[in-house]
Amino acid sequence: MKMKKTLLTTLALAFAFSLAACGNNNNNSNSGSSSSPSASPSASASASAPAETVSGSVIAVGSSAMQGLAQAVADDFMAQDAYKDVSVTVQAGGSGTGLSQVSDGQADIGNSDIFAEEKLEADKAAELVDHKIAVVAMAAVTHKDVGVDNLTKQQLVDIFTGKITNWKDVGGADQKIVIVNRPSSSGTRATFEKFALGTTTEDLQGSIQEDSSGTVKKLVNETPGAIGYLALSYLDDSIVALKYEGVEPTTENVATNAYPVWAYEHMYTKGEPTPAAKAYIDYVMSDEIQNGFVIEEGFVPVSAMKVERDAAGNVTNK
Amino acid sequence: MNLPAPNSREDLATKPNKFRKHVMEELRGKAFVYFCVLLLVITIFSIVYFIASRGLTPFLSQGVSIKDMLFGLKWKPEGNPPLFGALPFLFGSFATSILAAVIAAPLGFCAAVFMTEIMPKFGKSALQPAIELLAGIPSVVYGFVGLSVVVPFYRDTFPGQGIGIMAGATVLSIMILPTVTTIATDALRSLPNGLKEGSYALGATRWQTIYRMILPTALPSLLTGVVLGIARAFGEALAVQMVIGNAPHIPHSLFESATTLTSIITQSMGNTTSGSLHNNALWSLALILLLMTFLFVFIVRVLERRVKR
Chain A
1185 MKMKKTLLTT LALAFAFSLA ACGNNNNNSN SGSSSSPSAS PSASASASAP AETVSGSVIA
1245 VGSSAMQGLA QAVADDFMAQ DAYKDVSVTV QAGGSGTGLS QVSDGQADIG NSDIFAEEKL
1305 EADKAAELVD HKIAVVAMAA VTHKDVGVDN LTKQQLVDIF TGKITNWKDV GGADQKIVIV
1365 NRPSSSGTRA TFEKFALGTT TEDLQGSIQE DSSGTVKKLV NETPGAIGYL ALSYLDDSIV
1425 ALKYEGVEPT TENVATNAYP VWAYEHMYTK GEPTPAAKAY IDYVMSDEIQ NGFVIEEGFV
1485 PVSAMKVERD AAGNVTNK
Chain B
454 MNLPAPNSRE DLATKPNKFR KHVMEELRGK AFVYFCVLLL VITIFSIVYF IASRGLTPFL
514 SQGVSIKDML FGLKWKPEGN PPLFGALPFL FGSFATSILA AVIAAPLGFC AAVFMTEIMP
574 KFGKSALQPA IELLAGIPSV VYGFVGLSVV VPFYRDTFPG QGIGIMAGAT VLSIMILPTV
634 TTIATDALRS LPNGLKEGSY ALGATRWQTI YRMILPTALP SLLTGVVLGI ARAFGEALAV
694 QMVIGNAPHI PHSLFESATT LTSIITQSMG NTTSGSLHNN ALWSLALILL LMTFLFVFIV
754 RVLERRVKR
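Note that the protein sequences, when read in sequence, are chains A and B.
The first sequence begins at 1185 in my numbering and counts up one residue at a time.
The second sequence begins at 454 in my numbering and counts up one residue at a time.
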């Protein structure tokens, strides 16, 4: 009997200890630089020195569309001498996850394809600070054999709402239209519906919904009569990128808003970022990265944009 | 097992060191086992509690009725008013997993019969490892193979886009084949030899013995394998999601875009914010999934009881 009691106590203690350990870890990653015990000696040592070293860990969670860029920049960032004490972890999981985790304080940075106001409740969104790091543009794409290279807004709406079901009705081949859409909760779909269609659409009977751009591209490439939409970085010869109202989806046209189907990529922080997170975001915003990785990954640098757009969709010239 | 108390007291007098060592061993072993079990129980209960607490919120405080969710045909979580009809998902999940079992069961049974009755040596050394290898292939690989091979094949052979319940069921049937086969093989191997010998002695041929004696006797165990296979197919998300098309409608044919409970959850969970009605509704779907799995486990238990009888 007594033995059992001691056993239980030991177990409880062990459990409590492991929980406490977890808690500690969380604290470290949340508060970033200063509280990490291994970093504090070096911080106090270099306090007198003019060049302050940043240390700590940054967790960035969210949009899978931004994952590639955020990870590439994070690797480069951590390779810099000045930031070698900072560790940046980038996780995909979707814009919604990114926004809720940064809002709950589980992540330092929430990556999102859409404005926080569109997903979170107003009071929660107000706590977040927006850092627009790049612009992503999307083009409607079709299978090679549909014989169409331009669609008007109305034609796109008719296709995605199921009013037009054959390509011959928009001047193409006699081929049934197959819609390769995104899930209704996707940020990419929200952008496309808002700026290309101007209306939300339902998932139609027989339409395909895929979350991953790679799968969408593969299906559009292989399925006769398929139409979908992809970020500019995914465009190549295997599919046909459509003009929108006669405007080609190019970086120049996006910069002037002549081609309106684009959105910001956001990095949200709760309040002002921790020093480590700030260093990372500043690094992402630096000219070197904006004109390097951002363009390489198929995004448009924010600095190249000649217009600005707010959460409500109002466009102003810069 | 445990030494009776007087004996150990004697030991204490004669070999105190050895006794202490044994006590410590006993204690450590016990503590380790208790700790693991405790952790396991806590984990299981917290998972169930977590899913239930999230999944019941739409019904309890957000005004969604259980009936609408189970029998509604329209899934429009972002609509106005939002609609949460999950029947297309339930239909898709059941259709794909049962169809997968229908494809996999004969294959698995035949493989098991082959490995136990017809060519035990070759079966054990070559066929069984090959089939068990299938269990080790990651589901994303299955999904990709499905998307690259199965879907184009169906697209070219049947009317439609190739994507749909049939493609999902095909991929799933290969995924559950190891489960069905392994359990069937074990069941057939564990049959008493006398049964077979008696049948042969009565002049039955090998086929008659297999068909009339072995399969009926082992049937409950074989069904256990099939139900476990269905449970696995029911819970599989990624591979199915890649080939089924994910349209939230009940399809008109096996080759038209459909969806399952798991694929709608994986597709939308990351894109919704926690606490929103849409997100909670997805947790409700997860709860339905969990309850279905409990049901499958229950069926397996019932079947096992029949085996013992």
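Just so you know, even glycine gets a beta-carbon here, dropped at the ideal spot from N, CA and C.
Neighbourhood of residue i by C-beta distance below 7 Å, restricted to the same chain and skipping five residues each side
i	result
M745 (chain B)	F687
R608 (chain B)	Q614 and G615
I440 (chain B)	Residue 440 (chain B) is absent from the structure shown; chain B starts at 454 and stops at 762.
Beta strand (DSSP E) segment containing residue i, residue limits
i	result
N1365 (chain A)	V1362 to N1365
G1294 (chain A)	I1293 to S1296
S652 (chain B)	Not the beta strand (DSSP E): S652 (chain B) falls in the alpha helix (DSSP H), residues N646 to A654.
K1454 (chain A)	W1446 to K1454
V1325 (chain A)	L1312 to T1326
T662 (chain B)	Neither: T662 (chain B) is in no beta strand (DSSP E) and is coded neither H nor E.
V517 (chain B)	No beta strand (DSSP E) contains V517 (chain B), which DSSP labels as neither H nor E.
T1500 (chain A)	V1499 to N1501
E1301 (chain A)	Unbroken run through E1301 (chain A) is the alpha helix (DSSP H), A1300 to K1303; no beta strand (DSSP E).
V1491 (chain A)	V1491 to R1493
Element boundaries [alpha helix (DSSP H), containing residue i]
i	result
T713 (chain B)	No alpha helix (DSSP H) holds T713 (chain B); DSSP gives it neither H nor E.
S1271 (chain A)	First-last for S1271 (chain A): V1270 to A1276, but that is the beta strand (DSSP E), not the alpha helix (DSSP H).
G1505 (chain A)	It is not possible to answer for residue 1505 (chain A), since the shown part of chain A is limited to 1185 through 1502.
Y1464 (chain A)	P1459 to M1469
N1437 (chain A)	T1435 to A1439
T677 (chain B)	L668 to G688
V696 (chain B)	L691 to I697
A1256 (chain A)	S1248 to A1263
P605 (chain B)	V604 to T610
A1380 (chain A)	A1380 (chain A) -> no alpha helix (DSSP H), and no H or E assigned at all.
Same chain, Cβ closer than 6 Å to residue i, neighbours up to 5 away in sequence not counted
i	result
T510 (chain B)	N733
G1346 (chain A)	L1388
P1221 (chain A)	The pLDDT assigned to P1221 (chain A) is 39, lower than 50, so where the model puts this residue is not dependable, and the model offers no usable value.
L742 (chain B)	L714
N1365 (chain A)	S1391 and Q1393
P631 (chain B)	I584, E585, L587 and A588
P1367 (chain A)	Q1393 and D1395
G538 (chain B)	G525, L526, K527 and W528
F747 (chain B)	none
Amino acids of chain A, ordered along the chain, whose beta-carbon sits closer than 7 Å to that of residue i
i	result
S695 (chain B)	According to the sequence provided, residue 695 (chain B) is Met. The question's Ser does not apply to it. Ordered by position in chain A, the residues that pass the 7 Å Cβ test against M695 (chain B) are T1399.
G723 (chain B)	G1277, G1278, G1280 and T1281
DSSP-derived helix/strand/coil call for residue i
i	result
I636 (chain B)	helix
D1395 (chain A)	coil
L1388 (chain A)	coil
I1243 (chain A)	strand
P1234 (chain A)	Unreliable positioning characterises P1234 (chain A) in this predicted model, as indicated by a pLDDT of 39, which lies under 50. A coordinate reading is not provided.
V1484 (chain A)	strand
F537 (chain B)	strand
A1229 (chain A)	Unreliable placement is indicated for A1229 (chain A), whose pLDDT of 38 sits below 50; the coordinate value is still reported in the next sentence. In the structure shown, A1229 (chain A) sits in a helix (DSSP, three-state: H, G or I).
E585 (chain B)	helix
K529 (chain B)	strand
V1183 (chain A)	Outside the modelled stretch of chain A, which goes from 1185 to 1502, sits residue 1183 (chain A), for which no answer is possible.
L1419 (chain A)	coil
V1431 (chain A)	strand
N733 (chain B)	helix
N444 (chain B)	No information on residue 444 (chain B) is available, as it lies outside the stretch 454 to 762 that chain B covers here.
N1405 (chain A)	helix
N1211 (chain A)	Reliability of the predicted coordinates at N1211 (chain A) is poor, the pLDDT of 38 falling under 50, and no value is obtained from them.
Partners in chain A for residue i, counting only beta-carbon separations shorter than 8 Å
i	result
S737 (chain B)	Here the premise fails: no neighbours, minimum Cβ distance about 15 Å.
A700 (chain B)	D1387, L1388, Q1389, G1390, S1391, I1392 and Q1393
H731 (chain B)	S1369
E689 (chain B)	Near E689 (chain B) there are no residues of chain A at all, since even the closest Cβ is about 17 Å away, more than 8 Å.
P605 (chain B)	E1406
Amino acids of chain B, ordered along the chain, whose beta-carbon sits closer than 8 Å to that of residue i
i	result
V1362 (chain A)	Q614
Interface partners of residue i on chain B, CB under 7 Å
i	result
K1303 (chain A)	T726
Cross-chain neighbours of residue i in chain A, by beta carbon under 9 Å
i	result
G482 (chain B)	In chain order: nothing, as chain A lies at least about 11 Å away.
R608 (chain B)	E1406, T1407 and P1408
Beta-carbon proximity list for residue i, same chain, < 8 Å, skipping 5 on both sides
i	result
K1490 (chain A)	A1439, T1440, N1441, N1501 and K1502
L1195 (chain A)	The predicted position of L1195 (chain A) is uncertain, since its pLDDT is 48 and thus under 50; a value taken from the coordinates is nonetheless stated next. Closer than 8 Å at the Cβ level, and outside the excluded window around L1195 (chain A), lies no residue.
beta-carbon residue i near the ligand COA non-hydrogen atom, thresh 6 Å
i	result
S643 (chain B)	In the structure on display, the ligand COA does not appear, and there are no ligands present to speak of.
Checklist entry - Going along the chain, which residues of the stretch 1366-1379 of chain A sit with their C-beta nearer than 8 Å to a C-beta in chain B? => result P1367, S1368, S1369, S1370 and G1371
Checklist entry - Can you list, in chain order, the residues of the stretch 1265-1291 of chain A whose Cβ is nearer than 7 Å to any Cβ on chain B? => result G1277, G1278, S1279, G1280, T1281, L1283 and S1284
Checklist entry - Using Cβ-Cβ distances below 7 Å, what residues of the stretch 1400-1422 of chain A are close to chain B? => result K1402, E1406 and T1407
Next on the checklist: Which residues of the stretch 587-601 of chain B have a Cβ closer than 7 Å to any Cβ of chain A? Give them in chain order.
Outcome noted: L600
Next on the checklist: Beta carbons nearer than 9 Å to chain A: which residues of the stretch 516-541 of chain B have them?
Outcome noted: K527, W528, K529, P530, E531 and G532
Item to check | Contact list for the stretch 707-719 of chain B against chain A, Cβ threshold 7 Å | outcome: E709 and S710
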